[in-house]
Amino acid sequence: AQSVTQPDIHITVSEGASLELRCNYSYGATPYLFWYVQSPGQGLQLLLKYFSGDTLVQGIKGFEAEFKRSQSSFNLRKPSVHWSDAAEYFCAVAHSGGYQKVTFGTGTKLQVIP
Amino acid sequence: DAGVTQSPTHLIKTRGQQVTLRCSPISGHKSVSWYQQVLGQGPQFIFQYYEKEERGRGNFPDRFSARQFPNYSSELNVNALLLGDSALYLCASSLGGQGGEKLFFGSGTQLSVL
């Protein structure tokens with residue numbers, strides 16, 4: 003069964019500092035991997051997605067993620083965080099079969115301090 | 044273009060009651076999925092519907108049911124509500140409903156069961 007682990011429940015960074023959010027997945031084959039962001043009271047917005055090809059994926063809002071098969075990881079990074087990045091971030095995995103079940107991690111809440 | 048719309052935005056019910064949540068996908072999207080997000084957790088897959096047929100079902104009891112209409116809108120029904128059903132219910136749509144497609148989420152319906 004597919005699963006996602008986000009070990010950090012809460013992270014605080016200073017505005018302008020770099021950010022890395024950790025994600026580990028478990029899946030039998032090559033998975034689709036995603037990062038979504040959720041602002042308070044809102045639905046989720048896709049930041050980026052990986053399936054194959056270049057292991058460094060660029061997303062929206064200046065985010066990138068690196069797929070490392072050997073570590074079963076898909077960490078999200080941003081070189082310089084803005085106050086508007088404060089939100090909850092979810093790593094997710096989907097199987098490549100004929101239906102669309104996405105398994106989400108428990109999320110990492112990002113706080114940005116001035 | 045309108046995004047995914049869900050109604051109502053908030054709902055309060057008592058234990059044992061029944062509830063119906065509604066979702067309109069983005070125009071042209073034929074797949075609708077439902078997710079339950081309990082406070083402090085990531086969303087959990089409930090159902091996926093594509094072209095009015097159920098494509099996938101998560102690990103939820105039979106009290107949960109859904110359907111999709113010819114215009115691709117969808118309803119999620121929950122019978123015999125329990126306190127543990129209190130959650131944010133998210134609807135997501137996609138074009139073809141395949142595993143790796145981008146999901147577009149609505150803002151959700153916040154259900155409180157008293």
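Protein sequence lines, in the order shown, are assigned to chains B and E. With the working numbering, letter number 70 in the first sequence gets 72, and the count goes up by one each step, no holes. With the working numbering, letter number 112 in the second sequence gets 155, and the count goes up by one each step, no holes. Using N, Cα and C, we set each Cβ at its ideal position, and we do this for glycine too.
Between residue i and chain E, is any beta-carbon pair separated by less than 8 angstroms?
i, result
"B:Gln44", "yes"
"B:Thr14", "no"
"B:Leu48", "yes"
"B:Lys51", "yes"
"B:Trp97", "The sequence shown places His at residue 97 of chain B, not Trp. So yes, B:His97 belongs to the interface."
"B:Tyr34", "yes"
So which residues of chain E does residue i contact, with C-beta pairs closer than 8 angstroms?
i, result
"B:Thr108", "Gly83, Gln84 and Gly85"
"B:Gln4", "Those do not exist, as B:Gln4 stays about 11 angstroms from chain E at its closest Cβ, beyond 8 angstroms."
If you drop the 5 nearest sequence neighbours on each side, which residues of the same chain put their C-beta closer than 8 angstroms to that of residue i?
i, result
"B:Ala19", "Ser82 and Val83"
"B:Val104", "Phe36, Ala94, Val95 and Ala96"
"B:Val15", "Leu21, Val83, Leu112, Gln113, Val114 and Ile115"
Excluding the 5 residues preceding and the 5 following residue i in the sequence, name in chain order all residues of the same chain whose CB lies nearer than 6 angstroms to its CB.
i, result
"B:Leu46", "Tyr38 and Gln40"
"B:Glu90", "Gln40, Gly109 and Lys111"
Is the Cβ of residue i closer than 8 angstroms to any Cβ of chain B?
i, result
"E:Lys95", "no"
"E:Phe88", "yes"
"E:Arg65", "no"
"E:Leu133", "yes"
"E:Ser129", "no"
"E:Gly101", "yes"
Show which residues of chain B have a CB atom less than 7 angstroms away from the CB atom of residue i.
i, result
"E:Ser76", "Gln102"
"E:Glu144", "Gln102"
"E:Gly151", "Gly45"
Counting along the chain, where does the beta strand (DSSP E) carrying residue i start and finish?
i, result
"B:Gln113", "Thr110 to Ile115"
"B:Thr14", "His12 to Ser16"
"E:Ala123", "Neither: E:Ala123 is in no beta strand (DSSP E) and is coded neither H nor E."
"E:Gln60", "Premise fails: E:Gln60 is in no beta strand (DSSP E) and is neither H nor E."
"E:Leu54", "His53 to Lys56"
"E:Asn114", "Neither: E:Asn114 is in no beta strand (DSSP E) and is coded neither H nor E."
"B:Ala89", "Ala89 to Ala96"
"E:Leu138", "Careful: E:Leu138 lies outside any beta strand (DSSP E) and carries neither H nor E."
To which residues of the same chain is residue i closer than 7 angstroms at the C-beta, ignoring the five residues directly before and after it?
i, result
"B:Asn77", "Glu22, Leu23, Arg24, Cys25, Ala67 and Glu68"
"E:Ser108", "Asn120"
"E:Gly59", "Ala123 and Leu124"
"E:Phe103", "Ile89"
Against residue i, what residues of chain E qualify as contacts under a CB-to-CB distance less than 9 angstroms, listed in chain order?
i, result
"B:Tyr91", "Ordered by position in chain E, no residue passes the 9 angstroms Cβ test against B:Tyr91, which lies about 10 angstroms from the chain."
Got a sec: does the ligand NAP put a non-hydrogen atom nearer than 7 angstroms to the Cβ of residue i?
i, result
"B:Thr14", "This structure lacks the ligand NAP; in fact it carries no ligand of any kind."
Which residues in chain B sit within 8 angstroms of residue i, going by Cβ to Cβ distance?
i, result
"E:Gly140", "Tyr101 and Gln102"
"E:Gln91", "Tyr101, Gln102 and Lys103"
"E:Ser137", "Gln102"
Starting from the beta carbon of residue i, find every residue of chain B whose beta carbon is closer than 9 angstroms, and list them in chain order.
i, result
"E:Phe148", "Tyr38, Gln40, Gln44, Gly45, Leu46, Gln47 and Leu48"
(message) Just to confirm the assignment: which complete beta strand (DSSP E) runs, minimum length 3, are found wholly within the region 74-107 of chain E?
(response) Within the region 74-107 of chain E, the complete beta strand (DSSP E) runs of at least 3 residues are 74-80, 87-93 and 96-100.
(request) Please go through the region 34-78 of chain B and give each complete beta strand (DSSP E) segment of 3 or more residues, from N-terminal end onward. (result) Those beta strand (DSSP E) runs which fall completely within the region 34-78 of chain B and span 3+ residues are 34-40, 46-52, 58-60 and 66-70.
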